[in-house]
Amino acid sequence: MDYLDVSVIEAMPAAVPTQDDLYQDAANSYGAALDRLARAYEADPDTRRDLLQDIHVALWRSFAAFDGRCSVRTWMYRVAHNVAASHVLRQRRTREQALVGLEELENLPDANSGQAADRNHALDRLLQLVQRLKPLDRHVILAYLEGFDAASIGETTGLSAGNVATKIHRIKSMLARRFQQGGDTND
Amino acid sequence: MTDHPDNPVQQIWQSQAVEVTKMSADLLRKRAGKFQRQIWWRNFREYVAALVGIVLFASFLGKTHDSLLRLAYLLFIAGMIWVVVQLLRKGSARSMPGAMGNSTCIEFLCAEMERQRDVVKNVWPWYLAPLVPGFVVYTVAYALAFRRPASWAALALLDVIIAVVFFGVWKMNMRAARCLQRKIDELGAVER
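Here the protein sequences line up with chains A and L, keeping their order. According to my numbering, the first sequence holds residues 1310 to 1496 in order. According to my numbering, the second sequence holds residues 16 to 207 in order.
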């Protein structure tokens, strides 16, 4: 019986992942994050389902052009946020809802500030807050909530490190102020 | 993403109940095909609308022997073909998913809003102006063909209405272009 020489196996090039493989891996690893992202960009459940499917299709199509110059995670978040931002730009033309920046949001009164009793209510308030933001600031706050570090946020948004740091500082203080429950929400 | 977020608000966010969506390769291809079909139908509707207009003006062209009116109808037809070509060209210039992966949020938003701004800002040369020569020649031809004050008054009223509509469309688009430009400037001023 002939055995294959180990050196031959080592010399064989690693299988290049296909577009389908890349998509399946990304969907497995980040499916939940994509669902949360869609919630942040669309409040209506039916429209959100469509948006989420659009994101998945765009992601799958995008992997045909993935060249490995950035990580799969960065690529995935760029595609997902850009599809969602495009959705917001389209929806705004029809709904005319006023989106605000982080700076303006900081100064807006929170009508429910005294009712942060349960987790679901806090989540609803958080979603309402995020959905009011302009696309770029929404991208930053979402990345922060997902636990991205400043460098990753800069890589996906295109903001400078200093600008990301300033925005995260604002986000932290705003969230602490709005969701403070006996002081335990400050990090 | 961190496994154990240290901020309680991050915990609330990351621990929310989600429905994880995973689409099979078949479903993805079907959905992508549906998207392509939607674009095809949109283009088809624009072709049909233009074709109806062109057939209508071609029938007028066949019925009249007045050379000025014939010229007006020809100009209308040429103007409509120009508008449809421009609509299709601008409509197909959207960002592809591959480009989205290579663009940061700021780059993508700027590019998308610049594209929209250019469409609305240039509404005069690509959408309104191509129809003007037809209207002008039609007005002259009609005025010469029916030399009665009542006909001229009706014609003047029609021209005024068309001019007001054109002006309104142009003003609305200019306002939209200014609004988009403000947002582009805001993004341009962001430190990168």
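Glycine included, every Cβ here is placed at the ideal spot set by N, Cα and C.
Selection of the region 44-77 of chain L by Cβ proximity to chain A, strictly under 8 Å: Closer than 8 Å at the C-beta level to chain A, one finds these residues of the region 44-77 of chain L: Arg46, Ala47 and Phe50.
Continuous alpha helix (DSSP H) assignments of at least 4 residues falling wholly in the region 80-121 of chain L: Counting only unbroken stretches of 4 or more residues, the alpha helix (DSSP H) elements lying wholly within the region 80-121 of chain L are 82-106 and 112-117, in sequence order.
With DSSP as the reference, label A/Leu1442 as helix, strand or coil. Per DSSP, reduced to three states, the secondary structure at A/Leu1442 is strand.
Identify, in the order they occur along the chain, each residue of the same chain with its Cβ nearer than 7 Å to the Cβ of A/Gln1424, setting aside the five sequence neighbours on each side. Residue confidence is low: A/Gln1424 scores 48 on pLDDT, short of 50, so the model does not pin down where it sits. Its coordinate-derived value is still stated next. Apart from the 5 residues on each side of it in sequence, A/Gln1424 sits with its Cβ closer than 7 Å to the Cβ of His1430 in its chain, given in chain order.
Locate the alpha helix (DSSP H) running through L/Gln29, then write down its first and last residues. From DSSP, the alpha helix (DSSP H) with L/Gln29 extends over Pro23 to Gln29.
Residues in its own chain within less than 7 Å of A/Val1397 by CB, not counting five upstream and five downstream? Cβ neighbours of A/Val1397 beyond the five flanking positions: Tyr1350 and Pro1444.
Could you please tell me which residues of the region 1434-1456 of chain A, in chain order, have their CB closer than 7 Å to any CB of chain L? Of all residues in the region 1434-1456 of chain A, Leu1435, Pro1444, Leu1445, His1448, Leu1454, Glu1455 and Gly1456 have a Cβ within less than 7 Å of some Cβ in chain L.
Please name the residue or residues paired with A/Val1409 in a DSSP beta bridge. Here A/Val1409 is bridged, per DSSP, to A/Leu1442.
Please tell me whether L/Trp129 has its Cβ less than 8 Å away from any Cβ of chain A. Checking the displayed sequence, the identity of residue 129 of chain L turns out to be Glu instead of Trp. Using a CB distance cut-off of 8 Å, L/Glu129 does not count as an interface residue toward chain A.
So A/Ala1335 is in the alpha helix (DSSP H); what residue range does that whole segment cover? From DSSP, the alpha helix (DSSP H) with A/Ala1335 extends over Gln1328 to Tyr1350.
When DSSP labels each residue in this structure, what does L/Lys37 get in the three-state scheme? L/Lys37 carries a coil assignment under DSSP once its states are collapsed to helix, strand and coil.
With a threshold of 8 Å between beta-carbons, can A/Val1325 be considered close to chain L, or not? Output row for A/Val1325: interface = no.
Are L/Phe72 and L/Ile92 close, meaning C-beta to C-beta below 8 Å? Taking 8 Å as the cut-off, the beta carbon of L/Phe72 is found closer than this to the beta carbon of L/Ile92.
Taking the alpha carbon of L/Lys198 as the point to measure from, which residue in L/Val138, L/Ala178, L/Gly149 and L/Met128 has its own alpha carbon closest? Scanning L/Val138, L/Ala178, L/Gly149 and L/Met128 for the CA closest to the CA of L/Lys198 turns up L/Met128.
The region 1458-1469 of chain A: which residues have C-beta closer than 8 Å to a C-beta of chain L, in chain order? Listed in sequence order: Glu1464, Thr1465, Thr1466, Gly1467, Leu1468 and Ser1469.
With burial defined as no fewer than 16 other Cβ atoms inside 10 Å of the residue's Cβ, what is the status of L/Asn22: buried or exposed? It is buried - the Cβ of L/Asn22 has at least 16 other Cβ atoms within 10 Å.
Chain A within 8 Å of L/Leu124, Cβ atoms only: Chain A, which has a Cβ nearer than 8 Å to the Cβ of L/Leu124, makes this yes.
Mind checking if L/Val33 is an interface residue toward chain A, Cβ cutoff 8 Å exclusive? At least one chain A Cβ lies under 8 Å of L/Val33.
Report, in whole angstroms, the separation of the C-beta atoms of L/Thr119 and A/Gly1467, which I expect to be a contact under 8 Å. Rounded, the Cβ-Cβ distance is 3 Å, consistent with contact.
Own chain, CB closer than 6 Å to A/Met1483, minus 5 neighbours either side, in chain order: Once the five neighbours on either side are set aside, the close Cβ partners of A/Met1483 are Glu1415.
Test: L/Ile27 CB closer than 8 Å to a CB of chain A: Answer yes: the Cβ-Cβ gap between L/Ile27 and chain A drops below 8 Å somewhere.
Can you look up L/Val205 in the DSSP assignment and give me helix, strand or coil? Assigned with DSSP and collapsed to three states, L/Val205 falls in coil, not helix or strand.
Does the beta-carbon distance from L/Val152 to L/Leu76 come in below 8 Å? Taking 8 Å as the Cβ cut-off, L/Val152 and L/Leu76 do not qualify as a contacting pair.
In three-state DSSP terms, what is A/Gln1424? Any reading at A/Gln1424 needs caution, since the residue's pLDDT is 48, under 50, leaving its predicted position unreliable; the model's value is listed next. DSSP, read as helix, strand or coil, puts A/Gln1424 in helix.
If you measure from the beta carbon of L/Met189 to each beta carbon in chain A, is any gap under 8 Å? At least 8 Å separates the CB of L/Met189 from every CB of chain A.
Just mark A/Asn1391 as buried or exposed, buried being the case when its beta carbon has 16 or more other beta carbons within 10 Å. A/Asn1391 sits buried, since 16 or more C-beta atoms from the chains shown fall within 10 Å of its C-beta.
Under 8 Å from the C-beta of A/Gln1362: neighbouring residues of chain L: Per Cβ cutoff of 8 Å: Thr36, Met38 and Arg46.
Just the Cα atoms here: how many angstroms apart are A/Gly1411 and A/Leu1438? The sequence given here has Leu at residue 1411 of chain A, not Gly. Near 10 Å, if we compare the C-alpha coordinates of A/Leu1438 and A/Leu1411.
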